[in-house]
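So the sequence shown is numbered by my numbering: it starts at 3 and just counts up by one.
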Amino acid sequence: QITIGFALRSVFYKQRSRNFFRTVSYTIAESIVQVPVNLCVSLLMCTFFYFMSGLSANAGRFFTFLATCISFQHALGAYMAFLSSVSPSITIGQTLAAFSVCFFLLFSGNIILYDLIPSYWRWMYWFNPLAWGLRSVVMNEFYSDDKYTDAQRAKNLKSVQMDSFDESYIGIGIAVLLAYYVLFTAMNTAALHFFRYDKRLGVAGGSKVGEDDEDNVYIEVATPGGTLVKQERKKNQGLAFIPANLVIKNLDYYVTLPTKVERQLLNNITASFTPGRMCALMGATGAGKTTLMDVIAGRKTGGRIVGDIIINGEPKNPVNFSRITAYCEQMDIHSEMSTIGEALWFSANLRLPETITAEEKRTLVEETLDLLELNGIINEQVGDLSVEQKKRVTIGVEVVANPSILFLDEPTSGLDARSAITVMKGVQSIARTGRTVLCTIHQPSISIFELFDDLLLLQRGGYIAYYGELGKDSCKLLEYFASIPGTEEIRPQYNPATYMLEVIGAGIGRDTKDYSVEYKNSKLCEYNVEKALRLAEPSTEFVAFSTLNWTPMATSFGNQLKECVTKCLQTYWRSPQYNFVRLASFPWFALVFATTFYKLPRDNVSQIKSHIGLIYNSMDFIGIINLMTVLDITCLERAVFYRERMSNYYGPLPYSLSLFASEVPYLVVAVSLFVFVEYWMIGWVPEYFVFFWVTFFLYTSICTFFGQWMCALCPNTKVANVAVGALSCIFNLFSGFLLPYPMMADWYKWIVYVVPSSYSLRSLAVSQVGICVTNSDGTKTGNACMPLVGQPGYTGTVADWVQEQFDFRPDNRYNYMLVLIWMWVILQTCIYLTLKYVSHLKR
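Pasting the structure below:
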């Protein structure tokens, strides 16, 4: 519900600001849409649960139970919708949701019975919608005359301290839940109407807003080695690089359709791209521009490639190809918490060889910032930048890798005219330093189109319609099309880019000449093929990259780990909504738990169950909150990981270890703040504090790592949310508190042995109510050695009763801890293997 609410909220803000509808109309419509879904879910779940649990086989009782569950689901759904409207971020929304659920459980009358709740907290019991729902279904069951006698009813209700309520509370509970549904829907309406959490827009830097879009906005930056000369190594911004001739010969690309039929997307592409020149890849939508560039750059994750890709006279080697190329994605994917300077420095430190000194790297970063006009905003966080600024950062993090070949996918998409010309003139200056630049672009303006030296124009079906120089004012392009009989001439002052797309029929539903056939039969094609064949031959003029013995990654494992951990720690430090919310709130909620159980004895059945229930609820509270809230930050960074992994910044192991290293310090502090307050205020056994803390820390860490693993394993955040929701239900149900192990059916008891919650609860519970210490003189000490009170006919101790009732065995407590440690290690291994072998990046 929280995830869906946040996904819809931005759309609501936009439409509401334009007066599409009233807020109340939106919330009512949203509520109505939820009704059939809630009915189906409740009917399905309640039917299975009711009859499999052996509840009263009475139609009236079943439908009353169903009505209570539906009312509660609507009330809770409206409450979660309210939280998604009032929270500034999804992390805070999920945290508040987890806090609320834990409070609902704590004061429902199940964890701690009503009579044991301190007087100053009893108002929470009456405010709690879960308590009203639970009371209704309990009354509904035990007031079934065909199943329980009056004596049985009285005994059962007394055992749960509900003997003061009568059958009228069934209807009262349903009415209260429906009233909550109306109240929370009204609160959701008010929150949507009066609160706005629009993301702050970045302020354009490098130029003043409102300046005219003049051609002189760009100033050529003088860089050493900026003139193309015949030499082995060239210099740009103080660093040597190797110019690269890129040749593609007879390149075809096929994809397999769901019908198992292959479709050809690229057809017999032959071309050559030389240093110091900027080539535009253009064509109609779907003609194969990005496909061609992805095939050349090695970014395709599927399909079949036929043909040759040759660099400096030798076949492309995937091992070192990422070391000589850089790829600027169309989507500007970065760690939003990093500053511009940090983003470029991170790229330079991981993609430049360790033989290059820190001073040389710093010089390269500074001159790249100057080249792309980012100096004035170097300390701005990437998440606060405008689209145009992010685009320049995208180019910058690739340029500092000192590549020989630069690929750019739609670098002007989403930019206004001024921003686009600024970005493209920066790209042109990069090409002029002797690099080979390929750029896909869609219907550029005249000023941008004339920045390119060459054009490769694709027609639908992946055929070349034109490849060659543009010439001054696109004269060579226009001469070529004018030489083809039947081709319409360009109108005066018309954009050549638009003209050529119209000529080949791109995006226009009219019959046109097949210009791919015209090109294939032209002298221009013959010249280009001869040139490509010549450049494909080895030459002493250009260095063969195979002689350099480069590895796929530029730096060592140690450097990769250091840089990944540093970046991850920075991201966590600058994410207060994730980290400092839990650090600040956990002690307060520990205080609530502690004041609820303050000095509560552990003598009778109700008190012992309540203490075990508190331990269970504390585990659920801290563990599930971390399980849910870690999703947002981890899934957000996963897209960055995919981009950086494709460019061989680092391997999956350093990244997975950085996730671990970034979480542990905050987990230590968060667990300590919670456990210190709760443990000592309640007055639990002092001797087992360290054991309790370590076990609690292990379980909380496991929940957090489960969340990280789900982010790596699931295709998106929504699926990950569903997955962790299912995990939390399994952890809760099979922890051994709601359904003790001796009461479980044999066919599903095995689940207890694979969920961490059961081992954690067993360890934590026995440390407080299950260990009876035998002294050297034979005497026994400890609260667990006391005779059990309030259980007529029972002569055993508290520890004996706990073992019989829950199967919590004190002698196995260190074995339980050892299993948790193994789960810790296994989860880290799973995260690493998933990052290495599972990718949801499909191209």
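We put the CB at the ideal spot given by N, CA and C, even for glycine.
Residue i: first and last residue of the uninterrupted alpha helix (DSSP H) it sits in
i           : result
residue 368 : 360-373
residue 771 : 758-771
residue 637 : 607-648
residue 479 : 477-484
residue 547 : Premise fails: residue 547 is in no alpha helix (DSSP H) and is neither H nor E.
residue 527 : 525-537
residue 139 : 131-144
residue 711 : 691-715
residue 885 : Only positions 3 to 845 of the chain appear in this structure, which leaves residue 885 out of reach.
Same chain, Cβ closer than 7 Å to residue i, neighbours up to 5 away in sequence not counted
i           : result
residue 679 : 589, 592, 593, 596
residue 29  : 187, 190, 191, 194
residue 467 : 459, 460, 461, 506, 517, 518, 521
residue 133 : 109, 110, 111, 127
residue 218 : Below a pLDDT of 50, predicted positions are generally treated as unreliable, and residue 218, at 34, falls in that range; the measurement from the model is reported next regardless. Once the five neighbours on either side are set aside, residue 218 has no close Cβ partner at all.
residue 288 : 462
residue 847 : Outside the shown range of the chain, which is 3 to 845, sits residue 847, and nothing can be said about it.
residue 829 : 704, 707, 708, 711
Pick from the options that is closest to residue i, judged by C-alpha positions
i           : options            : result
residue 65  : 176, 382, 98, 441  : 176
residue 573 : 665, 608, 281, 646 : 665
residue 305 : 314, 279, 267      : 267
residue 807 : 814, 468, 156, 798 : 798
residue 461 : 420, 421, 521      : 521
residue 659 : 611, 718, 560, 133 : 560
residue 837 : 644, 295, 322      : 644
residue 273 : 738, 425, 471, 322 : 471
residue 137 : 183, 71, 321, 706  : 71
residue 156 : 144, 691, 384      : 144
residue 619 : 676, 51, 654, 651  : 676
residue 397 : 450, 823, 333      : 333
residue 422 : 392, 823, 647, 697 : 392
residue 764 : 790, 159, 813      : 813
residue 318 : 159, 33, 250       : 250
residue 399 : 724, 651, 826      : 651
residue 140 : 67, 98, 568        : 67
residue 185 : 40, 642, 82, 122   : 82
Residue range of the beta strand (DSSP E) that includes residue i
i           : result
residue 285 : 280-285
residue 251 : 248-258
residue 397 : Taken as a continuous stretch (DSSP letters only), residue 397 belongs to no beta strand (DSSP E), being part of the alpha helix (DSSP H) at 389-401.
residue 13  : Residue 13 -> not in any beta strand (DSSP E); alpha helix (DSSP H) instead, spanning 4-19.
residue 456 : 456-461
residue 411 : 407-411
residue 100 : Unbroken run through residue 100 is the alpha helix (DSSP H), 92-108; no beta strand (DSSP E).
residue 471 : 465-471
residue 556 : Taken as a continuous stretch (DSSP letters only), residue 556 belongs to no beta strand (DSSP E), as it is neither H nor E.
residue 678 : It is not in any beta strand (DSSP E) - residue 678 instead sits in the alpha helix (DSSP H) that spans 654-684.
residue 243 : 241-243
residue 440 : 438-442
Contact set for residue i: own chain, Cβ-Cβ below 6 Å, skip 5 residues either direction
i           : result
residue 92  : 8, 634
residue 402 : 346, 349, 350, 366, 367, 370
residue 315 : 539, 540, 541
residue 564 : none
residue 343 : 380
residue 455 : 279, 280
residue 733 : 757, 759
residue 234 : Here residue 234 scores only 38 on pLDDT, less than 50, and its place in the model should not be relied on; the value that follows carries that caveat. Here the set comprises 545.
residue 310 : 251
Rounded distance between the beta-carbons of residue j and residue i, thought under 8 Å
i           : j           : result
residue 736 : residue 759 : 7 Å
residue 108 : residue 602 : At roughly 13 Å, the Cβ-Cβ gap does not stay under 8 Å, so residue 108 and residue 602 are not in contact.
residue 255 : residue 297 : 5 Å
residue 282 : residue 443 : 5 Å
residue 4   : residue 96  : 5 Å
residue 241 : residue 358 : 7 Å
residue 699 : residue 726 : Between residue 726 and residue 699 the Cβ distance is about 20 Å, and since that is not below 8 Å, they are no contact.
residue 172 : residue 598 : Between residue 598 and residue 172 the Cβ distance is about 27 Å, and since that is not below 8 Å, they are no contact.
residue 409 : residue 586 : Not really, about 45 Å apart at Cβ, beyond 8 Å.
residue 438 : residue 275 : 5 Å
Neighbourhood of residue i by C-beta, 8 Å cutoff - its chain only, sequence neighbours within 5 removed
i           : result
residue 713 : 632, 633, 636, 637, 640, 719, 722
Practice problem: Write down every uninterrupted run of the alpha helix (DSSP H) in the segment 23-72 whose length is 4 residues or greater and which is fully enclosed by it, in chain order. | Solution: The segment 23-72 contains, as complete alpha helix (DSSP H) runs of 4+ residues, the segments 25-54 (chain order).
Quiz prompt | Continuous beta strand (DSSP E) assignments of at least 3 residues falling wholly in the segment 262-347 | solution = For the segment 262-347, whole beta strand (DSSP E) runs of length 3 or above, ordered along the chain, are 264-275, 280-285, 306-313, 327-330.
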